[in-house]
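Peer 1:
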Amino acid sequence: MKTIFKSATVAVALSLSLGTAVAHSDNMTCDADFAYNIEIQDKGLSFSSKDQEKVLITASSELFLDGQKQLLSPEQLELLEEYNQKVRDLLPLASGVAEEASSIAIEAVGSVAAALLQDSPERAEEFVARVETISAELKQHISSSHLRPEALVDYVESSDFEAEFESLIETAVTEFMENNVGEMIAAAMSGNEEKVKAFEKRMESFGKDLEDKMERRAEQLELQAEKLCDLVQNIDKTETQLVKAFNKFDSYQLITN
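In terms of mature numbering (1 follows the signal peptide of the UniProt record, and there is no 0), the sequence shown is residues -23 to -1, 1 to 234.
#1: Please say whether S120 and S72 have beta carbons closer to each other than 9 Å?
#2: Note the first and the last residue of the continuous beta strand (DSSP E) segment covering Q18.
#3: Per DSSP, which one or two residues make a beta bridge with G21?
#4: Hey, could you find the ends of the alpha helix (DSSP H) F104 is sitting in?
#5: Distance check for K31 and A113, CA to CA, integer angstroms please.
#6: In the DSSP output, what is residue 235 paired with across the bridge?
#7: Taking 9 Å as the threshold (C-beta atoms), are A75 and N234 in contact?
#8: Just the Cα atoms here: how many angstroms apart are N64 and I212?
#9: Nearest-angstrom Cα distance between S79 and L48?
#10: Quick check on DSSP: helix, strand or coil for Q47?
#11: Please name the residue in F24, L56, D28 whose C-alpha comes closest to that of F41.
#12: At which residues does the beta strand (DSSP E) containing F223 begin and terminate?
#13: For the beta strand (DSSP E) containing residue 239, name the first residue and the last one.
#14: Taking only the alpha-carbon atoms, compute the straight-line gap between V(-2) and E171 and give it to the nearest angstrom.
#15: For Q62, which of helix, strand or coil comes out of DSSP?
#16: Between the Cα of I146 and those of K190, V108, N14, spot the shortest distance and give me the residue it belongs to.
#17: Please state whether DSSP places D10 in a helix, a strand or coil.
#18: Helix, strand or coil, according to DSSP, for Q201 in the structure here?
#19: Taking 8 Å as the limit between beta carbons, can you name the residues of its chain near Q218, skipping five residues before and five after?
#20: Compute the beta-carbon to beta-carbon distance between L208 and A12, rounded to the nearest angstrom, for a pair I have assumed lies under 8 Å.
#21: Check the C-beta distance from A91 over to A106 and give it rounded, since I have them as a contact under 8 Å.
#22: Mark C202 as exposed unless 16 or more other C-beta atoms lie within 10 angstroms of its C-beta, in which case mark it buried.
#23: Looking at C-alpha atoms only, which residue of L94, D19, Q197 is the closest neighbour of A149?
#24: Nearest to K46 by CA position, among I34, I17, E52, is which residue?
#25: Please identify the residue among T215, E127, E16 whose C-alpha is closest to the C-alpha of L68.
#26: What three-state label does DSSP hand Q29 in the structure shown?
#27: Let me know if A85 comes out buried or exposed under the rule of 16 or more other beta-carbons within 10 Å of its beta-carbon.
Structure representation (C-alpha cells):
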C-alpha cells in the first residue's frame, strides 16, 4: 500500500516546480525568474506587466519599448530576430512540460482511484475530476501562446497541491480498506491463506506496475525540463548580447537571475 501511495504522489512534486521555471537533475541546475508576462499574438510577441505592454516585437521585426518605436542597426536587428525566435520557442516547450506534468498527475490519481474504488466509480470520477480541474486552472496561466509567471507562481503557492493530492489518495486507500478489511479478516480467520496471499499479490503488483509507469514518465518529463532549461539559458545569453548591442533594452530584460 505504501508503494501505491508513493507512486500516486510522484506527479505532485513535478507539478510544483513549474511556477518558478526551475529544472533540476544530477548534472544541472537551472533557475530563472521572468520579469514579464509573455504573449504571442497576431501583432507580434509582447512582454507586459500589470496589464501594461512594455515590449513589442512585431511580425516584421520592429521593436517598440513602452509604445515607442526603436531604430536598430543591422547587427541589433539580427540579435533581436534571434531573441524573438527563441522566446517564441519557449512557450510551447514550457506548455509541453506543464501538460505532461498534469497528465502524469491525472493518470496517477486515476489509476489509484480506479483500482481502489472499483465499487464506488462515482467517487473515482470525483477524484479524477478534481485533478483535471487543477490542470485546467494551470492552463489559464501557461499555454503555447502565453506565459504569466506571476499569476502562475501565486496560483501554485496558494494551492497546497501536495497536501490535496495526498488527501485524495489517503481517502481512496481508507475507503478501500473499509470495504475490504472485513473480507480479508474473515479469510484470515478461516485459514484461507490462499485468498489473503492472492489479495496481497494483487496489491503489490498494482503498486509496482504504477510506480514503474510513473517513473518512466517522470524520466521523460525530466528530459523535457532539461531542454526547457537549456533554452532559458540560451535566451538569457542572447538577451545579454542584445543589451550589449542596444543598451536601451537593459531596462526591459525578460530574464532576471
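Even glycine gets a Cβ: it sits at the ideal position worked out from N, Cα and C.
Peer 2: Answer, in terms of the structure:
#1: Numbered from its first residue, the sequence shown carries residue 72 at position 95. Numbered from its first residue, the sequence shown carries residue 120 at position 143. It is a contact, given that the beta carbons lie within the stated cut-off.
#2: Numbered from its first residue, the sequence shown carries residue 18 at position 41. Per DSSP, Q18 belongs to the beta strand (DSSP E) from 14 to 18.
#3: Working through the sequence shown from its first residue, we reach residue 21 at position 44. Note: G21 sits in a beta bridge opposite Q18, T35.
#4: What you label residue 104 is simply residue 127 of the sequence shown in a count that begins at 1. Here the alpha helix (DSSP H) through F104 covers 98 to 116.
#5: Walking along the sequence shown from the start, residue 113 turns up at place 136. Walking along the sequence shown from the start, residue 31 turns up at place 54. Each residue's Cα considered, the two are about 28 Å apart.
#6: The structure shown does not extend to residue 235, since the chain spans only -23 to 234, so no value can be given for it.
#7: Position 257 of the sequence shown, counted from the start, is the residue given in the question as residue 234. Position 98 of the sequence shown, counted from the start, is the residue given in the question as residue 75. Contact flag unset, no.
#8: For the purposes of this step, residue 64 is taken as the residue at position 87 of the sequence shown. For the purposes of this step, residue 212 is taken as the residue at position 235 of the sequence shown. Sequence inspection shows Val at residue 64; the Asn mentioned does not correspond to that position. The alpha-carbon atoms of V64 and I212 are separated by roughly 7 Å.
#9: As a working mapping, residue 79 is identified with position 102 in the sequence shown. As a working mapping, residue 48 is identified with position 71 in the sequence shown. One C-alpha to the other measures close to 43 Å.
#10: Residue numbering aside, residue 47 sits at position 70 when the sequence shown is read from its first letter. Of the three classes helix, strand and coil, the one that applies to Q47 here is strand, per DSSP.
#11: Residue 41 sits at position 64 when you count from the first residue of the sequence shown. Minimum Cα distance to F41 is reached at F24.
#12: Position 246 of the sequence shown, counting from 1, holds the residue named residue 223. Counting along the chain, F223 falls outside any beta strand (DSSP E), and DSSP gives it neither H nor E.
#13: Here the chain comprises residues numbered -23 to 234, so residue 239 is not present and cannot be evaluated.
#14: Counting from one through the sequence shown, the residue named residue -2 turns up at place 22. Counting from one through the sequence shown, the residue named residue 171 turns up at place 194. Since pLDDT at V(-2) reaches only 38, below the 50 mark, its modelled position is unreliable, and the value read off the structure follows with that caveat. The alpha-carbon atoms of V(-2) and E171 are separated by roughly 49 Å.
#15: Residue 62 sits at position 85 when you count from the first residue of the sequence shown. DSSP places Q62 in helix when its eight states are reduced to three.
#16: As a working note, residue 146 is residue 169 in the sequence shown. Comparing Cα-Cα distances from I146 to each of K190, V108, N14, the minimum goes to V108.
#17: Against the sequence shown, residue 10 aligns to sequence position 33. Note: D10 maps to strand in three-state DSSP.
#18: In the sequence shown, the residue the question calls residue 201 occupies position 224. Reduced to three states, the DSSP call for Q201 is helix.
#19: What you label residue 218 is simply residue 241 of the sequence shown in a count that begins at 1. Closer than 8 Å at Cβ, skipping near neighbours: L56.
#20: Along the sequence shown, one-based indexing puts residue 208 at 231. Along the sequence shown, one-based indexing puts residue 12 at 35. Their Cβ separation, rounded to whole angstroms, is 17 Å, which puts L208 and A12 out of contact at 8 Å.
#21: Taking the first residue of the sequence shown as 1, we reach residue 91 at position 114. Taking the first residue of the sequence shown as 1, we reach residue 106 at position 129. Actually they are not in contact, since the Cβ atoms of A91 and A106 sit about 13 Å apart, beyond 8 Å.
#22: For this step, residue 202 is matched to residue 225 along the sequence shown. Reading the sequence as shown, one finds Ala at residue 202 and not Cys. Burial call: buried.
#23: By 1-based counting over the sequence shown, the position of residue 149 is 172. Residue L94 is the option with its Cα nearest to A149.
#24: On the sequence shown, residue 46 is found 69 positions in, with the first residue counted as 1. Nearest of I34, I17, E52 to K46, Cα basis: I34.
#25: Taking the sequence shown and counting its residues from 1, the one referred to as residue 68 is at position 91. Comparing Cα-Cα distances from L68 to each of T215, E127, E16, the minimum goes to E16.
#26: Against the sequence shown, residue 29 aligns to sequence position 52. DSSP places Q29 in strand when its eight states are reduced to three.
#27: In the sequence shown, residue 85 corresponds to position 108, counting from 1. Under this definition A85 is a buried residue.
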